[in-house]
Amino acid sequence: MSQAEEQHRQLQQPATRSTAPSPTTLSRRSRTARPATSSPDKSHKSLHNHNQQLTHRRSAASSNSNTSHHTRLPTTSGAASTSAAHDYDSDSSISSATSTALVDAMLSGRDAASKRARAIEDLGDLEEKGLLHRDDAPSGGADTPRKGKGQDPREAVFEKLEFQDTDEQVAPGLKSKRDKHAFSLLVVLYLLQGVPLGLTFGTLPFLMKPYISYSALAVFALSTWPYSLKLFWSPIVDAWFMPKWGRRKSWIVPVQGITGLGLWFIGSRIEGWLAAKEHIDINFLTYVFGSLILAAATQDIAVDGWALTLLSPPNLSYASTAQTIGLGIGSALSFTVFLSLNSVEFSNKYFRTTAGHQDYPLVSLGSYLHFWGVMYIVVTLWLIFFKVEDPVSETDPDLDVKKVYGVMWSIIRLPNIQAFLFVLLIAKFGFQVNESVTNLKLLEKGLSREDLAVAVLLDFPAQMIVGWLTAKWSRPVHGPDEGRHPLSAGNGRSSQLSGTLRLWVIAFWARLAMAAIAAAVVWAFPVGNVGSGYFALVVATTLLTSLSNTMSFVGITAFHTQIADPLIGGTYMTLLNTVSNLGGTWPKPLILRSVDLLTVSSCSTTGLQCTSDEGKAACKTAGGTCNIERDGYYVMTAICIVLSAALLTLHILPTVKRLQALPMSAWRVKIPA
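The sequence shown begins at 1 in full-length UniProt numbering and counts up one residue at a time.
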């Protein structure tokens with residue numbers, strides 16, 4: 001009997017032995033695969049999920065063989081089935097017994113021929129996914145088989161892959177020294193970014209509100225738009241850089257240096273600009289602080305992209321935590337803490353003795369800006385001399401600006417990205433009255449600026465804790481479905497709110513509820529002095545509103561970091577964050593203007609309207625007071641809450657469920673070489 005006939009006879013016999021993969025070799029949850037020496041430049045991901053699926057479909061006995069260096073993988077073609085074998089690379093770490101076990105486990109069962117066909121199908125599927133490679137493939141990575149003497153061209157012979165466990169893969173968390181340092185650096189960079197944001201989004205409107213109308217504040221709100229339009233120049237930040245400095249430092253260093261000098265310059269003149277009171281040049285201030293936001297937005301593009309490479313892949317959700325903590329600290333220092341220290345009454349009450357009372361605050365706006373101008377320069381110098389950015393990989397495509405814009409356009413054209421961006425654009429509409437007007441209304445009704453600053457300051461530690469926990473809960477859990485639906489793993493619960501965005505959806509409902517509660521708190525403002533009970537109510541409302549905002553921000557940002565492609569991380573993250581920010585900024589001027597238009601008020605002496613700045617000034621000159629007959633704040637609150645609840649129920653929830661079920665490949669585009 002010829003050798004070929006003997007092989008054919010052996011393959012027609014049912015397998016009598018089934019060997020299971022060694023649990024010590026294949027049972028780990030997360031692995032890094034490396035090809036054999038024929039393809040030294042390739043790296044491969046986990047084979048665990050596929051082994052687990054094969055194990056579920058087939059029962060296997062314990063492994064017992066370490067003898068053969070050949071595995072026969074038959075190809076069935078009618079009654080005449082032939083096969084041959086290729087030698088495995090003896091240097092591979094997975095034993096030939098394990099390789100034999102994979103095939104034998106598939107060949108065991110009731111129908112040997114059916115099992116053999118299924119084995120070929122499964123191994124072919126692994127080859128297509130890049131998890132197994134032919135041992136005769138060229139070193140360049142092509143899978144073109146090389147036909148040898150006596151070999152059937154239909155055969156598929158696969159290499160064994162070497163696996164190595166790493167601490168970062170097995171146990172995600174900020175445990176490595178590298179990740180801890182990266183997290184700390186990100187917090188500092190985001191903190192610096194939060195300083196101009198806190199000044200522009202919070203402090204300046206508070207300082208100017210006693211002298212200007214909501215319509216004028218709507219004009220100043222345009223200074224925040226560069227932060228929401230940074231998408232248009234993010235490809236430039238991704239494509240242009242100096243290799244000596246690094247892709248991200250090439251932008252962070254000069255932008256932070258310019259911002260530091262700008263803060264020093266503005267600090268030397270801001271007191272005079274605001275001293276004009278009713279005659280404040282609102283357009284000029286919009287240009288000045290819009291320039292600061294432009295610089296902060298550019299820094300944000302670079303830092304967002306850097307975060308994707310500074311942190312290890314299992315810990316990318318902590319990028320949103322670093323952003324929450326850093327921006328939270330920077331914004332709080334520039335908003336609540338500064339407003340407190342800038343108050344004469346607060347400074348005299350808490351920092352000065354009765355005999356030492358002064359008529360000036362502990363910290364002026366000019367000195368505060370000077371301090372942060374110096375801090376910007378100090379951190380920038382540290383980055384220049386002490387922080388070395390990882391070099392750009394030689395395997396990364398050489399992207400010019402045109403290519404990056406093309407890639408960005410390809411991302412935008414993805415149907416799932418379009419659906420997600422639309423959700424981001426409409427999601428924040430219902431909260432804008434509460435977040436933009438409520439605190440100003442409390443000040444208008446008589447709450448002191450110092451009390452409001454204390455109320456906001458008390459919730460700051462809670463924001464940090466909630467931000468950290470949200471990032472931890474938003475990290476996908478590794479499991480059988482990780483490779484197929486990594487974004488829907490969430491915390492392992494199976495419900496309509498399961499997945500990475502589960503906490504974001506919960507926070508959405510909480511923010512709507514707090515918008516209604518905040519309006520009720522404003523409506524219940526007491527006549528006369530503010531008692532401790534009402535102040536406690538203001539503190540509780542502020543705390544719960546802030547916590548729901550933090551949970552929402554960290555949850556959505558964690559989702560962004562998980563779907564973004566690190567190679568174009570600056571552009572991808574900026575696209576998502578820009579649209580998310582735009583969802584909060586585009587309604588703000590509209591809502592502020594609508595509050596004025598829907599408000600009906602008249603002067604007690606003249607009977608004329610006193611909603612506008614001119615009307616209020618005329619009423620004050622006539623010795624009268626403005627009586628509000630209909631407050632547009634309550635009207636807009638009701639409209640926004642009802643509309644937002646309808647959008648959430650009818651569109652946002654179904655869309656979020658569908659998007660979380662998509663595989664990671666649905667969020668990727670082809671990047672030109």
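Ideal placement from N, C-alpha and C gives every residue a C-beta, glycine not left out.
(request) Count the other C-beta atoms from every protein chain shown that fall within 10 angstroms of the C-beta of residue 243, then say buried if there are 16 or more, exposed otherwise. (result) exposed
(message) Our contact map puts residue 666 next to residue 416 with C-beta atoms below 8 Å; I'd like the distance itself, whole angstroms only.
(response) 6 Å
(message) Is the beta carbon of residue 301 closer than 8 Å to that of residue 230?
(response) yes
(message) Measuring CB atoms only, is the segment 499-519 touching the segment 534-550, in the sense that at least three cross pairs come out at less than 8 Å?
(response) yes
(request) Kindly indicate the opening and closing residues of the beta strand (DSSP E) around residue 337. (result) Run containing residue 337: none; DSSP gives neither H nor E here.
(message) I'd like to check one pair, residue 330 with residue 194: are the Cβ atoms closer than 8 Å?
(response) yes
(message) Can you list, in chain order, the residues of its chain with a C-beta nearer than 7 Å to that of residue 203? Leave out the 5 residues immediately preceding and following it.
(response) Excluding five sequence positions before and after residue 203, the CB atoms of its chain that fall closer than 7 Å to its own CB belong to 334, 335, 338 and 339, given in chain order.
(message) Here's the rule: buried if 16 or more other CB atoms are within 10 angstroms of the residue's CB, otherwise exposed. What is residue 16?
(response) Any reading at residue 16 must be qualified, since the residue scores a pLDDT of 42, below 50, and its modelled position is unreliable; no value is offered.
(request) Mind listing, in chain order, the continuous alpha helix (DSSP H) runs of no fewer than 4 residues lying wholly within the segment 372-456? (result) 401-413, 415-427 and 432-445
(message) To the nearest angstrom, how far is the alpha carbon of residue 241 from that of residue 400?
(response) 10 Å
(request) Could you give the DSSP three-state label for residue 627: helix, strand or coil? (result) strand
(request) Could I get the ranges of all uninterrupted alpha helix (DSSP H) runs contained in the segment 547-571, with 4 residues as the minimum, in chain order? (result) none
(request) Specify the secondary structure class of residue 600 as computed by DSSP and reduced to three states. (result) strand
(request) Could you tell me if residue 374 is buried or exposed, where buried requires 16 or more neighbouring beta carbons within 10 angstroms of its beta carbon? (result) The residue in question, residue 374, is exposed, as its Cβ has fewer than 16 Cβ neighbours within 10 Å.
(message) With a threshold of 8 Å, are at least 3 pairs of Cβ atoms found where one atom belongs to the segment 317-326 and the other to the segment 551-565?
(response) yes
(message) I need the boundaries of the alpha helix (DSSP H) containing residue 251, first residue and last residue.
(response) 249-267
(message) Taking the alpha helix (DSSP H) that residue 361 belongs to, which residues open and close that run?
(response) Per DSSP, residue 361 belongs to no alpha helix (DSSP H) and is neither H nor E.
(message) Can you tell me which residues form a DSSP beta bridge with residue 609?
(response) 602
(request) Could you name the residues of the same chain whose beta carbon sits closer than 8 Å to that of residue 188, not counting the 5 residues immediately before and after it, in chain order? (result) 326 and 379
(message) Quick check for students: name the residue ranges of the beta strand (DSSP E) that lie wholly in the segment 265-346, counting only runs of 3 or more.
(response) none
(request) Check residue 615 in the structure and name its three-state DSSP category. (result) Helix at residue 615.
(request) Apply the 10 Å Cβ neighbour rule to residue 526 and answer buried if 16 or more other Cβ atoms are within range, or exposed otherwise. (result) Classification of residue 526: exposed, given that the 10 Å Cβ count is below 16.
(request) Could you tell me the distance, in whole angstroms, from the CA atom of residue 180 to the CA atom of residue 528? (result) 51 Å
(message) Tell me which residues share the same chain as residue 619 and place their Cβ nearer than 8 Å to its Cβ, disregarding the 5 neighbours each side in the sequence.
(response) If we look at residue 619 and ignore the five residues flanking it on each side, its Cβ neighbours are 603, 604, 605, 606, 608, 610, 625 and 626.
(request) Evaluate the contact criterion for the segment 213-220 versus the segment 248-265: three or more CB pairs, one atom per stretch, below 8 Å. (result) no
(message) Here's a check: name, in chain order, each residue in its chain whose Cβ is nearer than 6 Å to the Cβ of residue 572, leaving out the five neighbours to either side.
(response) 564 and 565
(message) Can you tell me where the alpha helix (DSSP H) holding residue 195 begins and where it ends?
(response) 177-198
(request) Please classify residue 588: is it buried, with 16 or more other beta-carbons within 10 angstroms of its beta-carbon, or exposed? (result) buried
(message) Measuring only the C-alpha atoms, how far is residue 115 from residue 663?
(response) Caution is warranted here: a pLDDT of 44 is assigned to residue 115, below 50, making its placement in the model unreliable, and the coordinate value is therefore given only provisionally. Spanning the two alpha carbons is a distance of roughly 29 Å.
(message) Spatial neighbours of residue 453 within its chain, please: C-beta separation below 6 Å, excluding the five flanking residues on both sides.
(response) 336, 339 and 340
(request) With residue 241 as the anchor, note down where its alpha helix (DSSP H) starts and where it stops. (result) Residue 241 -> no alpha helix (DSSP H), and no H or E assigned at all.
(request) Decide if residue 390 is buried, meaning its Cβ has at least 16 other Cβ atoms within 10 Å, or exposed. (result) exposed
(message) Quick check: the Cα distance between residue 406 and residue 297, rounded to an integer number of angstroms?
(response) The straight-line gap separating the alpha-carbon atoms of residue 406 and residue 297 is approximately 22 Å.
(request) For residue 443, I'd like the list of residues in its chain whose CB is within less than 7 Å of its CB, leaving aside the five on either flank, ordered along the chain. (result) 209, 449 and 452
(request) State the Cα-Cα distance for the pair residue 200 and residue 303, rounded to the nearest angstrom. (result) 20 Å
(request) May I have the straight-line CA-CA distance separating residue 354 from residue 343, to the nearest angstrom? (result) For residue 354 and residue 343, the distance between alpha carbons rounds to 16 Å.
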